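In the working numbering, the protein residues as written are 41 to 472. Quick reminder that beta carbons are idealized off the backbone N, C-alpha and C, glycines included. Here the structure is a predicted model, which means the values were calculated and not measured. Have a look at the structure below before the remarks.
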C-alpha cells in the first residue's frame with residue numbers, strides 16, 4: 041500500500057510538471073495585459089508595402105542606376121600622356137656613356153586631349169536624364185500596381201474573416217439544434233436513430249469552419265508577402281469590414297483624369313522624348329572629334345616643342361546606321377505611346393463597367409433577398425422545433441441561407457475590389 045501511494049504521488053507530480061507549460065500558455069493568452077496581435081488598416085498596409093516590398097525596392101534601384109549613367113554621360117575625356125625614349129645602344133655597351141646618351145638619344149614627352157564636337161556631351165547628358173525619367177515613371181507605375189495588389193489582398197482577408205464568422209455562427213446555431221434534439225431524445229420524443237442523423241449533419245458545418253480558417257490563413261500569407269514577409273508577424277490582423285457605399289462617377293471624367301495621371305502613359309510619353317533626344321545624339325555623333333597634342337622633344341643636344349592636331353576624315357562611316365536606327369526607334373516610341381493611351385482608356389472603361397455591375401449586384405441582394413433568406417431560415421427553424429417541418433427542410437433552409445450570405449459577401453468584396461481597380465485604372469484616388 042505504501043509503495044502504491046508513493047507511485048501515485050510521483051505520477052501526480054509528473055503530470056503537474058507536464059501540464060504547467062500548457063497552463064502557463066493559457067493564462068498568458070487570457071491575461072488582459074498580454075500584447076495583442078498587430079492590427080493594420082488598408083492605408084497602413086499600402087504604406088508598409090511601398091516601404092518594404094522587396095520587388096519594388098529592387099526596381100527603385102533602376103533609378104539610382106540611371107542617375108549613375110547621368111554622371112558617366114557628363115564626364116569629359118581624359119587627357120593622354122605619352123613618353124617615347126629611343127636609340128639606346130644596349131647591344132653596344134661601350135657606347136653607354138653619359139656623353140653619348142646626351143648627344144645621340146631621342147626623348148619625346150607629349151600630352152594629347154580629345155575635343156568633342158557636335159555638342160556630344162550635352163546631348164549625351166540629356167539622353168541619360170531622359171532614361172532616368174523613364175525609370176522613374178516605371179517605378180511609379182509599379183507602385184500603382186502594388187497598391188492595387190495590396191488592396192485586393194487586404195479585401196481578400198476581410199472576405200475570409202467574414203466567411204469564417206459566418207461559418208462559426210452557422211456551426212453554433214446548428215449545435216443548438218443538435219442539443220435541442222438531444223434533449224428531445226432523452227425525453228423520448230425522437231428515437232436515437234433520428235438523433236444520430238441530425239448529429240451527423242454537424243460534420244458539414246465543422247468542415248465549413250475548417251475550410252474558412254484555411255482560407256483566412258492563406259489570404260493573410262498572401263498579404264504578408266506583399267507587405268514584406270518579415271515586416272509583420274504571422275498573428276497580424278486587419279481592421280475594417282466589407283461594406284457597400286453608393287458612389288456616382290462619370291466615365292468621361294475618369295478618362296480625362298487617367299490620361300493626366302497614369303504613370304505608364306507618362307512613361308511612354310517620356311520614352312518618346314528619350315527617343316527624339318537619341319536621334320539628336322546620333323546626329324551629334326556624326327561630327328568627328330579633334331585630338332590636339334603638345335609635345336616636348338629632345339633629340340641629342342637639341343630641345344624642341346611641337347604641336348599636332350588629328351581628326352578622322354568621314355569618307356565612309358558617318359554614323360548612318362545609328363541615325364537610321366534611332367529614327368526607327370523614335371517612330372516605335374510614338375506607336376507605343378499611342379498604344380499606351382488606348383490601353384489606359386480601355387482599362388478605365390473596363391474598370392468602370394466592372395464597378396457599375398458589382399454595385400448593381402450588391403444592390404440586388406440588399407433590396408430584399410437577404411431578408412428573404414433570413415426569414416426563410418427562421419421560419420424553417422420554428423416549424424422544425426414545432427414538428428411541422430422535417431430535418432431535410434431545415435437543412436435546405438440552412439444551406440440556402442448560407443449560400444446567399446456567402447454570395448453577398450463575395451459581391452461586397454467584388455464591389456470593393458472594383459473600387460480599387462477603378463482607382464488604379466485612373467492612376468489616382470478618385471473614390472475614397
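Cα-Cα, which of the options is closest to residue i?
i           : options               : result
residue 391 : 464, 363, 418 and 373 : 464
residue 325 : 353, 331 and 362      : 362
residue 150 : 168, 175 and 119      : 119
residue 175 : 206, 99 and 244       : 99
residue 467 : 243, 297 and 156      : 297
residue 173 : 314, 209 and 158      : 314
residue 106 : 290, 115, 264 and 170 : 170
residue 280 : 196, 300 and 425      : 196
residue 381 : 284, 286, 235 and 300 : 300
residue 273 : 469, 470 and 79       : 79
residue 424 : 199, 230 and 111      : 230
residue 290 : 81, 470 and 109       : 470
residue 419 : 408, 434 and 407      : 434
residue 396 : 108, 205, 288 and 241 : 288
Within a Cβ cutoff of 8 Å, which residues of the same chain sit near residue i, ignoring the five residues on either side of it in sequence?
i           : result
residue 238 : 217, 218, 221 and 431
residue 268 : 88, 89, 91, 92, 93 and 94
residue 472 : none
residue 317 : 163, 166, 167 and 170
residue 351 : 328, 329, 330 and 331
residue 263 : 85, 190, 193, 194, 196, 197 and 278
Who does residue i pair with in a DSSP beta bridge?
i           : result
residue 334 : 151 and 347
residue 342 : 339
residue 80  : 278
residue 418 : Its beta-bridge partners do not exist; DSSP assigns none.
residue 393 : BP columns for residue 393 are empty, so no partner.
residue 146 : 126 and 339
Exposed or buried, residue i, counting other C-beta atoms within 10 Å across all chains shown (16 or more means buried)?
i           : result
residue 260 : buried
residue 223 : exposed
residue 233 : exposed
residue 402 : buried
residue 411 : exposed
residue 388 : buried
residue 398 : buried
residue 442 : buried
residue 372 : exposed
residue 257 : exposed
residue 201 : buried
residue 307 : buried
residue 124 : exposed
residue 455 : buried
residue 458 : buried
residue 293 : exposed
residue 283 : exposed
residue 404 : exposed
residue 460 : buried
residue 379 : exposed
Determine the DSSP secondary structure at residue i, reduced to helix, strand or coil.
i           : result
residue 124 : strand
residue 453 : helix
residue 283 : coil
residue 63  : Caution is warranted here: a pLDDT of 35 is assigned to residue 63, below 50, making its placement in the model unreliable, and no coordinate value can be reported.
residue 352 : coil
residue 230 : coil
residue 430 : coil
residue 310 : helix
residue 294 : helix
residue 472 : coil
residue 270 : coil
residue 327 : coil
residue 74  : The predicted model places residue 74 with a pLDDT of 49, which falls under 50 and marks its position as unreliable; any figure quoted below should be read in that light. Residue 74: coil per DSSP, three-state reduction.
residue 94  : helix
residue 156 : coil
residue 86  : helix
residue 467 : coil
residue 425 : helix
residue 288 : coil
Spatial neighbours of residue i within its chain, please: CB distance less than 7 Å, with the 5 preceding and 5 following residues excluded, ordered by chain position.
i           : result
residue 203 : 252, 255, 446 and 449
residue 303 : 177, 180, 181, 184 and 467
residue 367 : 319
residue 336 : 149 and 345
residue 309 : 377
residue 439 : none
With a CB to CB cut of under 6 Å and the five nearest residues on each side skipped, what residues in its chain are close to residue i?
i           : result
residue 152 : 120, 331 and 333
residue 190 : 85, 86, 89 and 266
residue 154 : 117, 329 and 331
residue 158 : 324 and 327
residue 102 : 175
residue 187 : 86
residue 444 : 413
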